[in-house]
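**Q** So the sequence shown is numbered by our numbering: it starts at 1 and just counts up by one.
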Amino acid sequence: NNVGVDTSQIKIKQNVKSGLVLGLTDRKGNRALYVEPGANNLLTKEDIDLEYIKQAELLHLSSFVDDEQFEMQKFVVSEIPQSVKISFTPGAIYTRKGIDAVTPILERTYILFINESEIEELANMKYTYAARHFLDKGCQIVVVTLGRGSSRKADSHQLTFDFKNHLKILSTGGYTVDDNGNEPFMFASYVADLNNQYIIESKPGDRKDTTGAGDAFATGFLYGLLNGKESEECGRLGDIVAQFSITRIGARDGLPALTELTQRYQELYHQGL
1 NNVGVDTSQI
11 KIKQNVKSGL
21 VLGLTDRKGN
31 RALYVEPGAN
41 NLLTKEDIDL
51 EYIKQAELLH
61 LSSFVDDEQF
71 EMQKFVVSEI
81 PQSVKISFTP
91 GAIYTRKGID
101 AVTPILERTY
111 ILFINESEIE
121 ELANMKYTYA
131 ARHFLDKGCQ
141 IVVVTLGRGS
151 SRKADSHQLT
161 FDFKNHLKIL
171 STGGYTVDDN
181 GNEPFMFASY
191 VADLNNQYII
201 ESKPGDRKDT
211 TGAGDAFATG
221 FLYGLLNGKE
231 SEECGRLGDI
241 VAQFSITRIG
251 ARDGLPALTE
261 LTQRYQELYH
271 QGL
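(1) Between threonine 219 and glycine 23, is the Cβ-Cβ spacing less than 8 Å?
(2) Taking its Cβ as the centre, do 16 or more other Cβ atoms sit within 10 Å of proline 81, making it buried, or is it exposed?
(3) Among Asn227, Arg27 and Ile53, which has the Cα closest to the Cα of isoleucine 10?
(4) Quick check: the Cα distance between alanine 251 and serine 245, rounded to an integer number of angstroms?
(5) Comparing alpha-carbon positions, which option in Val77, Val143, Phe113 and Lys208 lies nearest lysine 45?
(6) State buried or exposed for valine 16, treating a residue as buried only when at least 16 other CB atoms are found within 10 Å of its CB.
(7) Going by other Cβ atoms of all chains shown within 10 Å of its Cβ, with 16 needed for buried, is glycine 272 buried or exposed?
(8) How is the alpha helix (DSSP H) around lysine 280 delimited, first residue to last?
(9) Kindly indicate which three-state DSSP category alanine 56 falls into: helix, strand or coil?
(10) Between the beta-carbon of serine 87 and the beta-carbon of tyrosine 110, is there less than 8 Å?
(11) Could you check the C-alpha separation between tyrosine 269 and glycine 238 for me, to the nearest Å?
(12) Can phenylalanine 134 and valine 144 be called in contact, C-beta distance under 8 Å?
(13) Can you name the residues that DSSP bridges to arginine 31?
(14) When the Cα atoms are used, what is the spatial distance from alanine 131 to aspartate 193?
(15) Kindly list the residues whose CB is nearer than 6 Å to the CB of isoleucine 93, restricted to its own chain and excluding five residues on each side of it in sequence; keep chain order.
(16) What whole-angstrom Cβ distance do isoleucine 99 and methionine 72 have, given they're in contact under 8 Å?
(17) Taking the beta carbon of phenylalanine 161 as the centre, do at least 16 other beta carbons fall within 10 Å, making it buried, or is it exposed?
(18) Could you have a look at aspartate 239 and say whether DSSP puts it in helix, strand or coil?
(19) With a threshold of 16 other CB atoms inside 10 Å of the CB of proline 184, please say whether the residue is buried or exposed.
(20) DSSP state of phenylalanine 64, grouped into three classes?
(21) Nearest to glycine 4 by alpha carbon, out of Leu258, Glu267 and Thr262?
(22) DSSP three-state label for glutamine 9, please.
(23) With C-beta atoms as the reference, is glycine 235 less than 8 Å away from isoleucine 200?
(24) Does the distance from the CB of glutamate 57 to the CB of proline 90 come in under 8 Å?
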């Protein structure tokens, strides 16, 4: 279509509604989501063109409500070549299934997007150690979104304890912090790869609704990854897209166009994409 998305693999199920998520957010930012899966529950292996998927550079997987589609995802992951990178967002639905259930996907995951409570539930340890655990299990990058309610100040003692090696701070706020964490700061996201750990500082600003902020972060991060950027720059891009996202009500209205993303990146980091 006119934005460059190949829609040839969209499957239409007759006489059934598309999937729907009803999101309710109060003035404090607390949110409840109610899922009506609709046609999503009718997706089968026969709908999946494996030869098409095998041509992809990256396959992004999120969660389905029904177990049949979950099993289908595990089948797809087992059939595609190692050349196809897997990006995985388990969300609350798959997190509740437990680590044993999602291991077949995690073992093939190149980049894991997950929030703090989910990764701690899956690994039964603090998110920094949980990230290292999943890196040891085969993931190449782990991104933990901490969100509005979990952003917190961290002092140098906490940083020394939690982030012992190769700490880097990505600042988008009004002040910076050195690599030893000598000044307190606010952070909203944590990124770990095989060589480094990154803290992404939260940016003060207008927050109307955090619905979809994690997906927005993943969008920006994956854009960077697919364009050959390192984890540090991908984290910056993810944060910028997420910051755009939360300025509008709903999961989509606030998402930036590429021109807006490029302009904002230039303003913050004084360099082009």
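We treat Cβ as the ideally placed atom computed from N, Cα and C, and that holds for glycine.
**A** Answer, in terms of the structure:
(1) Numbered from 1 along the sequence shown, position 219 holds the residue referred to as residue 219. Numbered from 1 along the sequence shown, position 23 holds the residue referred to as residue 23. The answer is no: Cβ separation not under 8 Å.
(2) Taking the sequence shown and counting its residues from 1, the one referred to as residue 81 is at position 81. Taking all protein chains in view, the Cβ of proline 81 is surrounded by fewer than 16 other Cβ atoms within 10 Å, so the residue is classified as exposed.
(3) What you label residue 10 is simply residue 10 of the sequence shown in a count that begins at 1. Taking only the C-alpha atoms, the option nearest isoleucine 10 is Ile53.
(4) The residue given as residue 251 occupies position 251 in the sequence shown. The residue given as residue 245 occupies position 245 in the sequence shown. Cα to Cα, the separation comes out at about 7 Å.
(5) The residue you call residue 45 lines up with position 45 of the sequence shown. Relative to the Cα of lysine 45, the nearest Cα in the group Val77, Val143, Phe113 and Lys208 belongs to Val77.
(6) Locating residue 16 in the sequence shown gives position 16, where the first residue counts as 1. So valine 16 ends up on the exposed side.
(7) Residue numbering aside, residue 272 sits at position 272 when the sequence shown is read from its first letter. Label assigned to glycine 272: exposed.
(8) With the chain covering only 1 through 273, there is no way to say anything about residue 280.
(9) Stepping through the sequence shown from its first residue, residue 56 is reached at position 56. Reduced to three states, the DSSP call for alanine 56 is coil.
(10) Residue numbering aside, residue 87 sits at position 87 when the sequence shown is read from its first letter. Residue numbering aside, residue 110 sits at position 110 when the sequence shown is read from its first letter. For the pair serine 87 and tyrosine 110, the CB atoms are nearer than the 8 Å cut-off.
(11) Your numbering for residue 269 matches position 269 in the sequence shown. Your numbering for residue 238 matches position 238 in the sequence shown. Distance between the alpha carbons of tyrosine 269 and glycine 238: 14 Å.
(12) Working through the sequence shown from its first residue, we reach residue 134 at position 134. Working through the sequence shown from its first residue, we reach residue 144 at position 144. Contact flag unset, no.
(13) The residue labelled residue 31 in the question sits at position 31 within the sequence shown. Thr25, per the DSSP bridge assignment.
(14) As a first step, residue 131 must be located in the sequence shown, where it is residue number 131. As a first step, residue 193 must be located in the sequence shown, where it is residue number 193. Distance from the CA atom of alanine 131 to the CA atom of aspartate 193, rounded to whole angstroms, is 9 Å.
(15) The count along the sequence shown starts at 1 and reaches residue 93 at position 93. Closer than 6 Å at Cβ, skipping near neighbours: Ser63.
(16) Here residue 99 is taken as the residue at index 99 of the sequence shown, counted from 1. Here residue 72 is taken as the residue at index 72 of the sequence shown, counted from 1. That belief does not hold up - the Cβ atoms of isoleucine 99 and methionine 72 are roughly 20 Å apart, past 8 Å.
(17) For the purposes of this step, residue 161 is taken as residue 161 along the sequence shown, with counting starting at 1. Legend: pLDDT at phenylalanine 161 = 36, less than 50; position of this residue unreliable, value from coordinates given subsequently. By the 10 Å Cβ count, phenylalanine 161 comes out exposed.
(18) Indexing the sequence shown from 1 puts residue 239 at position 239. Per DSSP, reduced to three states, the secondary structure at aspartate 239 is helical.
(19) Here the question's residue 184 lines up with position 184 in the sequence shown. Model confidence at proline 184 stands at a pLDDT of 43, short of 50, so the residue's coordinates are unreliable; what they give is reported in the following sentence. Counting of Cβ neighbours within 10 angstroms places proline 184 among the exposed residues, the total staying below 16.
(20) Here the question's residue 64 lines up with position 64 in the sequence shown. Correct three-state label for phenylalanine 64: coil.
(21) Your numbering for residue 4 matches position 4 in the sequence shown. Nearest of Leu258, Glu267 and Thr262 to glycine 4, Cα basis: Leu258.
(22) For the purposes of this step, residue 9 is taken as residue 9 along the sequence shown, with counting starting at 1. Coil.
(23) For the purposes of this step, residue 235 is identified with residue 235 of the sequence shown, where counting begins at 1. For the purposes of this step, residue 200 is identified with residue 200 of the sequence shown, where counting begins at 1. In this structure, glycine 235 lies near isoleucine 200, with their beta-carbon atoms less than 8 Å apart.
(24) Looking up residue 57 in the sequence shown gives position 57. Looking up residue 90 in the sequence shown gives position 90. Remark: C-beta atoms of glutamate 57 and proline 90 do not approach each other more closely than 8 Å.
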